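Residue numbers (our numbering), protein chains in the order written: chain A, 1 to 642; chain B, 1001 to 1255.
Report on one structure; see the data block that follows.
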Amino acid sequence: MSGQSLYPRLEPLLAQVQKPIQYVGGELNAQVKAWDDVAVHWALMYPDAYEVGLPNQGLMILYEVLNERPDALAERTYAVWPDLAALMREHGVGQFTVDAHRAVRDFDVLGVSFATELGYTNLLEALDLAGVPLHAADRDETHPVVVAGGHAAFNPEPIADFVDCAVLGDGEQVVGDVTDVVAAWKEQGRPGGRVELLARLARVDGVYVPRFYAVSYGPDGAIAAVARTRDDVPVRVGKRTVMDLDEWPYPKTPLVPLAESVHERMSVEIFRGCTRGCRFCQAGMITRPVRERTITGIGSMVDQGLRATGYEEVGLLSLSSADHSEIGQVAKELADRYEGTNTGLSLPSTRVDAFNVTLANELSRNGRRSGLTFAPEGGSERIRRVINKTVSKEDLVRTVTTAYANGWTQVKLYFMCGLPTETDEDVLEIAELAVEVIRAGREASGRKDVRCTVSIGGFVPKPHTPFQWAGQASAETIDHRLRVLRQAINADRRTGRSIGLRYHDGQPGVVEGLLSRGDRRVGRVIERVWREGGRFDGWSEHFSYERWTAAAAAELAPLGLDLDWFTTRERTQDEVLPWDHLDSGLDKEWLWDDWQDALSEEEVADCRWTPCYDCGVCPTNGTEIQIGPTGRSLLPLTVVGR
Amino acid sequence: MARQPDGPPPPPTVQKLRLRYAKRGPLRFASHRDLARALERALRRAQVPMAFSAGFSPHPKISYVGAAPTGAASEAEYLEIGLARRCDPEQVRAALDASLPAGVDVLECVEAAEGGGSLADRIDAARWRVELPGVEPGVLAAAVDALLARDEVLVAKRTKNGLRDVDARGPVASASTGGEAGCAILHVVVRQVTPAVRPDDVVAALAAVADLRPPSPPRAVREAQGRLDGSGTVADPLGPDREARARCQGEHAAV
């Protein structure tokens, strides 16, 4: 019977695995609805470990939005660690949801949120454990419809063989549309089988069904054309955009796990989208335009969320939180409201700007001032012009010094290396900068124990950005630059011991690059890696570069291609990119011009404060920038814990 | 100069409450750290006026006593909390229970008597009930007899410092068996020692002495914790506080 609990069969296995609590559900604010009361059953998956997936905002939002519908239920499932997966195979227990421990195989829809492409092997593992055929073409109408979402879904081509659909853009509304289509099709007795259901879904705005698009390749290996195979599906699939965030105050009751997770705090998204125009940033490009939540909307979400969770810390999330038009007032009024309640407020990593130190001071009024994070991203002023993240060295040093002078003892600086046009000299400037920061910081604070941590990783060019044409730096290049940087930092022992260096090796970035800008032919590489044991590729202890390179060589050589073709090769203007038929709203000509501007080190200003630079998003999607100030204030209220 | 928190120090503890709670059902898979986090958040949601330590990262005053291992259920977990404002113990119990996830259930709450000693001093043994699915009661009874006939049975135990041999027989104060066909039940009272001897260590000892190997993992429930008295009974560690309270109320009534 459909929808029955697997728990009695799962329980004896849990006694034999690491951290069993992650598989039992029962989190605060979790929901279990009766199976037979609803028409459409959604399993929502985050394809990574529970501790990473549980705090994911996107999944939490969709979980609530779907469960609020009387005709639908949603349960969650996460990647299962190899110890439990082996036992599940041995005992014939399928991939299950943590809420009611129902078999994923029984659900109508399996929605998988991809924040990163390194979750693809975990998708295959979950499908296999669930007893769902890996290839969409092999599924019938009794199998769940497998839907990919999240930022990686803007180029789902590498997983096109494994998913039935991909959803582009904000999920809040489109999950309702998909539910309506599935409900009607089931109600009508499943006319036309699975193909008819997928054809109906393909006509939902924002839903891409890869099987209805045929890809042909030219003699050079590049794509010749992508053509639809039915005339009732769109030529290009556009993205969904939720306007007026105040109407979508989700999650209202965030999930609170018993198990430890990567974010032990509650998050409130204070705006969506970003128009700063950092050229490396896929998130900033594909989530336009900027839509702010109002100060009062933020205030009520913080209040309601804290009451519902008991968390001690609230993160004010967005792509660049200090850019909210009323952030100063938001920070002050929230700090006033929660003064004396042992409630912490925080902003995630911010732009390099003295104002951000003021904000951080306000938020930590009565708390410890330990670490403050800035993201200059590029080591030299020149490379920062290339990536359009302009800040002068003087401003950077001044800002960080101000932080030390205000009692912050640790400053973390985020950088990337392997950026287009980068040389060793650009990266070596990071060391000079860090040394200068420590010297100035010691002087300004009068303390010897100030610390600066440089956190650096390899840049991966992403679809729908001006750098989508760029050649990715090789793993050897990245590792070489990291090595010379480390030597330079350690060269001066008087400052070297105050500077920490955290870095990621170049190899995982190459695989991420293959999966980010790959086409449908990369699917067979993913499948081979999974068949050879590839899982949890985002975890260094599970990731195997050798497995990926061997699989890529074996699967791509017969096609006349190789790993470099997909990664280090620079694309030309006329090349058909695998995601050209997927529309983020960005005009391809604008992206190309911005790429050329990058190469000539020309900057572009934010369209929130300067005239529109015609990226194309607003006219294409019929959207507009939604920002304050509203002029409103937070209402006084009685808070928890005082 | 390092920054200091502005304002006066946090208010002192004016009342100590001692709670007994259970972990049941699937939540037996929660570790002690998981439970501690859940309890702290539940105290905030329930708006219990906790006393806090001083400094930049104030911690609520909570002390835990002898947590049951991950995977074991319990009807007898204990903790003590310090409050900054006096509260009715039963109201605190009800509010905290309501804000905890189902499966972590607060069963009792009493005020700690002045000068009555610490909770930890009142616990030196635990009584366990261990279900052994797939094991016949007769087989278990014979294995337990074999175990009790020995003075010492060493079992390999994973500790912080790697595998080491631990005597799993010595701390067993008493053991008996029951159950029905297809699922034997072991009742065992184990003294608190370091490193702790847990139900799975006792089951490992049964394997060592009688080759008893349960086909599926045993399910343990801690039924009681407390001082082991002369008759082999585990005494209620909240008993002294409850008696002191009753005496105090009696004196009030007499006045």
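The beta-carbon is built from N, C-alpha and C at its ideal position, and this holds for glycine as well.
For clarity, every value in this text was computed on a predicted model and none was experimentally measured.
A:Leu14 has a beta carbon lying within less than 8 Å of a beta carbon in chain B. Assignment of beta-bridge partners to A:Ile456 by DSSP yields A:Phe415 and A:Tyr503.
The Cβ of A:Val93 sits no closer than 8 Å to any Cβ of chain B.
Interface flag for B:Ala1030 against chain A is set, since a Cβ pair is found closer than 8 Å.
Contacts between B:Asp1145 and chain A, judged by CB atoms closer than 7 Å, are missing: the closest CB pair is about 26 Å apart.
Secondary-structure assignment with DSSP links B:Arg1158 through a beta bridge to B:Leu1163. Listed along chain B are Phe1056 and Ser1057, each with a C-beta nearer than 7 Å to that of A:Arg368.
For A:Phe374, the enclosing beta strand (DSSP E) covers residues Gly371 to Glu377. Interface annotation for the segment 248-277 of chain A against chain B: Val256, Pro257, Leu258, Ala259, Glu260 and Glu264, criterion Cβ-Cβ distance under 9 Å.
Closest option to A:Ala152, judged by alpha-carbon separation, among A:Thr287, A:Val38, A:Met243 and A:Ile21: A:Thr287. For the set A:Leu559, A:Pro20, A:Gly310 and A:Leu319, the Cα lying nearest the Cα of A:Arg265 is the one of A:Gly310. The C-beta of A:Ala434 has 16 or more other C-beta atoms within 10 Å across all chains shown, which makes the residue buried.
A distance below 8 Å separates the beta carbons of A:Arg69 and A:Gly176. Nearest CB-CB separation between A:Val38 and chain B: not below the 8 Å threshold. Interface flag for B:Arg1041 against chain A is set, since a Cβ pair is found closer than 8 Å. Under DSSP, B:Asp1105 forms a beta bridge with B:Ala1022. Looking from the CA of A:Ser325, the closest CA among A:Gly284, A:Pro234, A:Ile270 and A:Leu127 belongs to A:Ile270. Here B:Ala1184 is near B:Leu1132, since their CB atoms are less than 8 Å apart. Using a Cβ distance threshold of 8 Å, A:Leu123 and A:Phe162 count as a contacting pair. Straight-line spacing of the CA atoms in A:Ile627 and A:Asp353 works out to 20 Å. Nearest in C-alpha terms to B:Gly1066, of all of B:Leu1096, B:Val1135, B:Val1193 and B:Gly1138, is B:Val1193. Residue pairing from DSSP places A:Ile223 in a beta bridge opposite A:Tyr217 and A:Val576. Annotated three-state conformation of A:Tyr613 is coil, per DSSP. Here A:Ala403 is near A:Val411, since their CB atoms are less than 8 Å apart.
When the five nearest sequence neighbours on each side are left out, the beta carbons in the same chain lying within less than 6 Å of the beta carbon of A:Ala222 are those of Glu575, in order along the chain. For B:Ala1235, the nearest beta carbon of chain A is not closer than 8 Å to its own beta carbon. Shown here, A:Val268 sits in a strand according to DSSP, grouped into three states.
Neighbours of B:Leu1027 in chain A, taken as residues whose beta carbon is under 9 Å from its own, are Ile21, Val24, Gly26 and Leu258 in chain order. Distance check between B:Lys1016 and each of B:Ser1057, B:Ala1204, B:Ala1102 and B:Leu1083 places B:Leu1083 closest, using alpha-carbon atoms only. About 6 Å separates the CB atoms of A:Thr77 and A:Val104; that is less than 8 Å, so the two are in contact. The C-beta distance from B:Ala1030 to B:Arg1222 rounds to 14 Å, too long to fall under 8 Å, and the pair is not in contact. In the structure shown, A:Cys165 adopts extended strand secondary structure according to DSSP, grouped into three states. Contact check between the segment 560-568 of chain A and the segment 468-479 of chain A: three or more CB pairs, one atom from each, fall below 8 Å, which counts as touching. Taking the Cα of B:Ala1038 as reference, the smallest distance to any Cα among B:Arg1086, B:Leu1096 and B:Arg1169 is reached at B:Leu1096. Around the CB of A:Val529, 16 or more other CB atoms lie within 10 Å, so the residue is classed as buried. With a cut-off of 8 Å on Cβ pairs, the segment 105-121 of chain A is in contact with the segment 140-160 of chain A, counting three or more such pairs.
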